[in-house]
Amino acid sequence: MTKEERKALIKAGREDNVKYQSKAAVKQKKTGGLSNKQKEHKKAMPIAAKRSKIERSKRQKKIKQRGADKQFRGRKAWK
1 MTKEERKALI KAGREDNVKY QSKAAVKQKK TGGLSNKQKE HKKAMPIAAK RSKIERSKRQ
61 KKIKQRGADK QFRGRKAWK
């Protein structure tokens, strides 16, 4: 097989390949059902997990609010 024949073979194989596209474009063209990721996202969260998530976010907000009035966070370099 010569170099030219190999090149022709490679190019022929590449022609039926799809062009590069963004992930979103590929997903929009997709037909059929939902992906497992989409199903998981749609699923209702268990109540216990939901409560802990809400509690965690409240705790983080409270901590953030506590330090909001102070700008300086650290130690003075002088005395």
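So in UniProt numbering, the last spot in the sequence shown is 79, and the numbers never skip. Quick reminder that beta carbons are idealized off the backbone N, C-alpha and C, glycines included.
The three-state reading of DSSP puts Ala8 in helix, counting H, G and I together. At least 9 Å separates the beta-carbon of Lys37 from that of Met45. Per DSSP, the unbroken alpha helix (DSSP H) holding Ala48 starts and ends at 47 to 66.
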